[in-house]
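This report refers to the structure that appears directly beneath it.
Protein chains: 2
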Amino acid sequence: MSSRNEITKLLTFFREINPISREAEQALTNLASLVSIKKNLDLQPTGVTCRTIYFVHSGLARIYYYKDGNEITEYFAFTNDIIVRAESLFTGKPSKKAIQAVEDTVFIGIPSAQLFQLYDLFPDIERLFRKIIESAYVDTVNRIESIQFHTAEERYKQLLSENPSMIQRIPLKHIASYLGITQVSLSRIRAIR
Amino acid sequence: MSSRNEITKLLTFFREINPISREAEQALTNLASLVSIKKNLDLQPTGVTCRTIYFVHSGLARIYYYKDGNEITEYFAFTNDIIVRAESLFTGKPSKKAIQAVEDTVFIGIPSAQLFQLYDLFPDIERLFRKIIESAYVDTVNRIESIQFHTAEERYKQLLSENPSMIQRIPLKHIASYLGITQVSLSRIRAIR
DNA sequence: CCTTTCTTTTTACATATGTTAAATAATCAG
DNA sequence: CTGATTATTTAACATATGTAAAAAGAAAGG
Numbered sequence: 001m002s003s004r005n006e007i008t009k010l011l012t013f014f015r016e017i018n019p020i021s022r023e024a025e026q027a028l029t030n031l032a033s034l035v036s037i038k039k040n041l042d043l044q045p046t047g048v049t050c051r052t053i054y055f056v057h058s059g060l061a062r063i064y065y066y067k068d069g070n071e072i073t074e075y076f077a078f079t080n081d082i083i084v085r086a087e088s089l090f091t092g093k094p095s096k097k098a099i100q101a102v103e104d105t106v107f108i109g110i111p112s113a114q115l116f117q118l119y120d121l122f123p124d125i126e127r128l129f130r131k132i133i134e135s136a137y138v139d140t141v142n143r144i145e146s147i148q149f150h151t152a153e154e155r156y157k158q159l160l161s162e163n164p165s166m167i168q169r170i171p172l173k174h175i176a177s178y179l180g181i182t183q184v185s186l187s188r189i190r191a192i193r
Numbered sequence: 001m002s003s004r005n006e007i008t009k010l011l012t013f014f015r016e017i018n019p020i021s022r023e024a025e026q027a028l029t030n031l032a033s034l035v036s037i038k039k040n041l042d043l044q045p046t047g048v049t050c051r052t053i054y055f056v057h058s059g060l061a062r063i064y065y066y067k068d069g070n071e072i073t074e075y076f077a078f079t080n081d082i083i084v085r086a087e088s089l090f091t092g093k094p095s096k097k098a099i100q101a102v103e104d105t106v107f108i109g110i111p112s113a114q115l116f117q118l119y120d121l122f123p124d125i126e127r128l129f130r131k132i133i134e135s136a137y138v139d140t141v142n143r144i145e146s147i148q149f150h151t152a153e154e155r156y157k158q159l160l161s162e163n164p165s166m167i168q169r170i171p172l173k174h175i176a177s178y179l180g181i182t183q184v185s186l187s188r189i190r191a192i193r
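Protein chains in written order, with my numbering: chain W, 1 to 193; chain B, 1 to 193.
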């Protein structure tokens, strides 16, 4: 499969969110490039300002950071999911977070500076990305509710029912920190049948 | 102060986020209207789809909902803050959440359908609101980190140092549910001097 | 295939927060 | 001002999750 075909798949996904003109699709395609990262390696390290917006083409990735010496997973991205360290991209500050391939992963990268220039030429593209962020915002608000008002056991079981493959594909230590608990707690929860 | 002057104050605030043309400002002003709500009364009830984007002109408001019969405060909005039930606005579904005035509050309301039409006429306005949502998204991601990796005591003390007036202006029961703890827990935390 | 390393589970104990109920304190309406 | 309502604190006990250390299991490299 050529690079262009891989980007076409992402454009197809974009059409469901917000259709954009053929010229706009072409402009996006010209900006986009593929990056392959082997399992457990970082796509982007901490300490650098985020200047690229990534989508997962294949594989599985995560955003993580360190808290008191412990690695915390903040987000998992599957096929077609956006993966971006928003707190750095939107503020211009160096990111304290890193992006890592959980499996061998192919990313589609779009340089943010050039994308923002396209916003001026193609309001449709700006609208597309506005809607992507709106959707991410709603997801995040819902996640706060999930964290604050469900026990770790409830959150684990919900994750298990909504996305059972995660348990197979992702080390439990990452799932534990994503759920906001220790690995020991997760193990205990899993043991209760 | 006339209604127009109150909206002018909001436009001044908008200029710092993303300047828009004079025509765009005029179009926004034409859409905007003022709503005054007395303390403890709802601006928007639950069960209805959110069709208006509000900003706080003066006073103080919150978004809340019911969880197992208990009232949970999700968000506080101060002067110039946006207050909107995003999970309903962006999905078109009825909201399970309500907006309430914590003090006598003046809101500036912008009907979402008409605002979205303005996006077509004035890409600057769409950009302004994209940036507002991006900023809200970053705030929300940071809040997840705060909830997951700080104790309730740490979160209370941070809130106290960042925004001490909240403790005076808002009943502690609302602050407790905002922090994700019971009022009893908050009281205990406060007692430790 | 074996050794090393990484991941997951188990155990024992510590602690933060929840639950329920009652006591105080503050606010509000008449 | 006064009684009623609402908000806040306190107490006693229950429970979920954290911490530390060790054991067991799985994966990876030579």
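Heads up, the beta-carbon is just placed ideally off N, CA and C, and yes, glycines get one too. Note that this is a predicted model, so its numbers are computed, not measured.
Smallest Cα separation from residue i: which of the options?
i                     : options                       : result
residue 177 (chain B) : W:128, W:149 and W:174        : W:149
residue 160 (chain W) : W:186, W:139, W:71 and W:98   : W:186
residue 10 (chain B)  : B:70, B:138, B:79 and B:137   : B:79
residue 95 (chain B)  : B:121, B:162 and B:52         : B:52
residue 45 (chain W)  : W:135, W:99 and W:146         : W:99
residue 109 (chain W) : W:33, W:168, W:76 and W:82    : W:33
residue 30 (chain W)  : W:152, W:3, W:93 and W:163    : W:3
residue 40 (chain W)  : W:184, W:123, W:174 and W:164 : W:174
residue 76 (chain W)  : W:190, W:171 and W:183        : W:171
residue 188 (chain B) : B:152, B:167, B:165 and B:158 : B:152
residue 38 (chain W)  : W:97, W:182, W:107 and W:83   : W:107
residue 158 (chain B) : B:47, B:120, B:183 and B:190  : B:190
residue 5 (chain W)   : W:136, W:57 and W:50          : W:57
residue 181 (chain W) : W:141, W:154, W:93 and W:47   : W:154
Can you tell me where the beta strand (DSSP E) with residue i in it begins and where it stops?
i                     : result
residue 149 (chain W) : Careful: residue 149 (chain W) lies outside any beta strand (DSSP E), inside the alpha helix (DSSP H) at 123-149.
residue 106 (chain B) : 105-111
With which residues is residue i paired in a DSSP beta bridge?
i                     : result
residue 71 (chain B)  : B:66
residue 44 (chain W)  : W:99
residue 33 (chain W)  : W:109
residue 49 (chain W)  : W:94
residue 178 (chain W) : Partner(s): none; residue 178 (chain W) has no beta bridge.
residue 56 (chain B)  : B:107
residue 61 (chain B)  : B:77 and B:101
Got a sec, what are the start and stop residues for the alpha helix (DSSP H) residue i sits in?
i                     : result
residue 170 (chain B) : Taken as a continuous stretch (DSSP letters only), residue 170 (chain B) belongs to no alpha helix (DSSP H), as it is neither H nor E.
residue 80 (chain B)  : Residue 80 (chain B) -> no alpha helix (DSSP H), and no H or E assigned at all.
residue 235 (chain B) : Any property of residue 235 (chain B) remains undetermined from this structure, which presents chain B solely from 1 to 193.
residue 88 (chain W)  : 86-89
residue 187 (chain B) : 183-191
residue 157 (chain W) : 152-162
Leaving aside the five residues before and after residue i along the sequence, list all residues of the same chain whose C-beta is less than 7 Å from its C-beta, in chain order.
i                   : result
residue 1 (chain W) : Any reading at residue 1 (chain W) needs caution, since the residue's pLDDT is 44, under 50, leaving its predicted position unreliable; the model's value is listed next. Closer than 7 Å at Cβ, skipping near neighbours: no residue.
Which same chain residues, not among the five before or five after residue i, have their C-beta less than 6 Å away from its C-beta?
i                     : result
residue 13 (chain B)  : 80
residue 55 (chain B)  : 10, 82 and 108
residue 121 (chain B) : none
residue 84 (chain B)  : 53
Tell me which same chain residues have a C-beta within less than 8 Å of the C-beta of residue i, skipping the five on either side of it?
i                     : result
residue 74 (chain B)  : 62, 63, 64, 65, 97 and 178
residue 125 (chain W) : 20, 24, 27, 28, 115, 118 and 119
>> Within 8 Å, do at least three Cβ pairs link the region 2-17 of chain W to the region 60-70 of chain W?
In response: no
>> When you compare the region 78-96 of chain B with the region 21-33 of chain B, are there three or more beta-carbon pairs, one atom per stretch, that lie closer than 8 Å?
In response: no
> Does the region 108-122 of chain B come within contact of the region 91-110 of chain W, defined as at least 3 CB pairs closer than 8 Å?
Replying inline: no
> Is the region 127-137 of chain W close to the region 115-132 of chain B, with three or more CB pairs under 8 Å?
Replying inline: yes
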